[in-house]
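Working notes for the structure below.
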Amino acid sequence: MPPWPSIIESMEIPRRRAISPRDDRETVYVDKYIGCLLGGLVGDCMGAPFDSNFDHPEGDDSFDKDVHTFLHNIRTNSVLPGPSAGRNHRASKGCPRGQYCYTDVTATTMELAKSLLCKGRFDARDVATRLTEQYFGNEQLDKEYGDAVRDIFRKWKQNRYQDIYGPANEQFGGMGSFGSGAAMRAAPVAILYKDDLDRMIETTILQAKMTHAHPTGICAAVLFNLAVWHALHAEPDVPLNGTTLLDTLIGKMEAIEEELDGFRPLTYKLHAARKLLLDSDPLNPSTIPKVLGNDMTAQGSVVTSIMCYILGEQFGKDIQVIKKTDNAFVRTLELALLCGGDADTLAAMACSLSGAKRGSKAIPAVILRQCQSAGTITKIAEAFAADSNFKLDL
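Under UniProt numbering, the final residue of the sequence shown carries the number 394; numbering is consecutive throughout.
Here it is in structure tokens:
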């Protein structure tokens, strides 16, 4: 018996169906799909220049100033090509001042999404094939991937995709990886199964186990997608109650972590996030990574990204050094960048959540234009809203 039946018993979720263009509610969902995936793209592209800034000492505001200057240049479209633009900024035909390129975060998310769309369900072998071919066929992204997942791609290719889960199970002395990679790519599963929470959780676990066999790596993917699922169902313009969201996630993750592992590192981090939200006023963003983490592990990234999303929605919260803006998406992006560390992954997950709640209209066009492949991401997101007979050339 899976650990989540009690989670869904009280939730009345409509059955998945073909979408009518005249259905206003589904139109909102389409915009949320686009916002979710575009939000991930923006966070990934904008976070890359700040990736690996793990040391963020309290009292040293030079890093904060770098983030503020960067975002000012982005929002005023005044980024100058060259070293000052930061990592992953390259010339682009469609953008005279260049664009920021995505990393493995967006690359793996797109391949999972394309597989779900083309198959209409989760197909582990197809996902493995797409991830591997994307890796070996895109030299530009080679250095973005960690050694562990590269090893999995090589073994999949060597065994001709006959053993999908074996390579991940063998890693780290048979313990498996507890990195954030399974979580950072998982959002398309929440979109596909937004009307079926049970199946969403099951599929999230299956896609996670392909590369991350450690229970914490798996549970982190589930936690992130539970947050995405909640954001997709939240009203775009209704203020988010962060405490309520954290309480909901705590209740769900206690059962899931207990069933899969017996330990509850993510539940512990959620409790820490709740305490931080309630007790810190004003809140200095440097406190977030100190309490919750900002590294490449599942337990040091997923709750941090959820916290950035929550705080981005808390307009009444006194947050030090955050520039005044009424745009929750921009606040979320800024908070994630200020966390430093594995900034592309943190910002991608945080902005995916903000985009899933607020929709694509919340993402400033001037920011989006400076991100690689926004049009492709939009096309992929829109395809999730098509009926079952829709075919997308991916």
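We put the CB at the ideal spot given by N, CA and C, even for glycine. All values derive from a computational prediction rather than experimental measurement.
Quick test of your reading: residue 340 and residue 289, contact by CB under 8 Å. State the CB separation rounded to the nearest angstrom.
For the purposes of this step, residue 340 is taken as residue 340 along the sequence shown, with counting starting at 1. For the purposes of this step, residue 289 is taken as residue 289 along the sequence shown, with counting starting at 1. About 6 Å separates the two Cβ atoms, so the contact holds.
If we ignore side chains and look at the alpha-carbon of each, how far apart do residue 126 and residue 280 end up?
For the purposes of this step, residue 126 is identified with residue 126 of the sequence shown, where counting begins at 1. For the purposes of this step, residue 280 is identified with residue 280 of the sequence shown, where counting begins at 1. Each residue's Cα considered, the two are about 46 Å apart.
Pair within 8 Å by beta-carbon distance, residue 83 and residue 98
Translated into the one-based positions of the sequence shown, residue 83 becomes position 83. Translated into the one-based positions of the sequence shown, residue 98 becomes position 98. Contact flag unset, no.
Apart from the five residues on each side of it in sequence, which residues of its chain come closer than 7 Å, Cβ to Cβ, to residue 104?
Locating residue 104 in the sequence shown gives position 104, counting from the first residue. Excluding positions up to five away in sequence, the list reads 141, 144 and 145.
Can you list, in chain order, the residues of its chain whose CB lies under 6 Å from that of residue 113, leaving out five sequence neighbours each side?
Translated into positions along the sequence shown, residue 113 becomes position 113. Correct list, in chain order: 188 and 380.
Taking the alpha-carbon of residue 169 as reference, which of 136, 225 and 206 has the nearest alpha-carbon?
Here residue 169 refers to the residue found at position 169 when the sequence shown is read from its first residue. Selected option, being the one with the closest Cα: 206.
Please indicate yes or no: does the CB of residue 238 lie closer than 7 Å to some heavy atom of the ligand PLP?
In terms of ligand content, the structure shown is empty, and the ligand PLP therefore cannot be addressed.
Closest by CA to residue 348, which one among 186, 209 and 229?
Taking the first residue of the sequence shown as position 1, residue 348 is located at position 348. Checking every option, the nearest Cα to that of residue 348 belongs to 186.
Pick helix, strand or coil for residue 7, following the three-state DSSP scheme.
Stepping through the sequence shown from its first residue, residue 7 is reached at position 7. Note that residue 7 scores a pLDDT of 40, beneath 50, so its modelled location is shaky and nothing firm can be said.
How is residue 89 classed by DSSP in three states: helix, strand or coil?
Residue mapping note: residue 89 aligns to position 89 of the sequence shown, counting from 1. Three-state result, residue 89: strand.
State the start and end residues of the unbroken alpha helix (DSSP H) segment that holds residue 100.
Working through the sequence shown from its first residue, we reach residue 100 at position 100. That residue, residue 100, is in no alpha helix (DSSP H); its beta strand (DSSP E) goes 95–100.
How big is the Cα-Cα spacing for residue 385 and residue 246?
Counted from its first residue, the sequence shown places residue 385 at position 385. Counted from its first residue, the sequence shown places residue 246 at position 246. The straight-line gap from Cα to Cα measures roughly 29 Å.
Just to confirm, are residue 28 and residue 363 a CB contact at a threshold of 8 Å?
In the sequence shown, the residue the question calls residue 28 occupies position 28. In the sequence shown, the residue the question calls residue 363 occupies position 363. No; because the gap between Cβ atoms is not below 8 Å, this pair is not in contact.
Coarse secondary structure for residue 338, derived from DSSP in three states:
Here residue 338 is taken as the residue at index 338 of the sequence shown, counted from 1. Helix, per DSSP.
Give me the Cβ distance between residue 178 and residue 298, rounded to the nearest whole Å; I'm assuming they're in contact under 8 Å.
Walking along the sequence shown from the start, residue 178 turns up at place 178. Walking along the sequence shown from the start, residue 298 turns up at place 298. Confirmed, Cβ separation roughly 5 Å.
Please list, in chain order, all residues of the same chain as residue 401 whose beta carbon is under 7 Å from its beta carbon, the five residues on each side excluded.
Outside the modelled stretch of the chain, which goes from 1 to 394, sits residue 401, for which no answer is possible.
By the DSSP assignment, the alpha helix (DSSP H) with residue 256 in it spans what residues?
Counted from its first residue, the sequence shown places residue 256 at position 256. Residues 242–260.
Helix, strand or coil at residue 283 [DSSP, three-state]:
The sequence position of residue 283 within the sequence shown is 283, counting from 1. Three-state DSSP puts residue 283 in a strand.
Report the rounded CA-to-CA distance for residue 375 versus residue 366, giving the unit in angstroms.
For the purposes of this step, residue 375 is identified with residue 375 of the sequence shown, where counting begins at 1. For the purposes of this step, residue 366 is identified with residue 366 of the sequence shown, where counting begins at 1. Roughly 14 Å between the two C-alpha positions.
Nearest to residue 100 by CA position, among 89, 34 and 311, is which residue?
If you number the sequence shown from 1, residue 100 lands on position 100. If we check each option's Cα against that of residue 100, 89 comes out closest.
Excluding sequence positions up to five away, which residues of its chain have a Cβ less than 6 Å from the Cβ of residue 308?
Counting from one through the sequence shown, the residue named residue 308 turns up at place 308. Here the set comprises 332, 335, 336 and 350.
Given that a residue counts as buried once 16 or more other Cβ atoms are within 10 Å of its Cβ, and exposed if not, what is residue 158?
Here the question's residue 158 lines up with position 158 in the sequence shown. The residue in question, residue 158, is exposed, as its Cβ has fewer than 16 Cβ neighbours within 10 Å.
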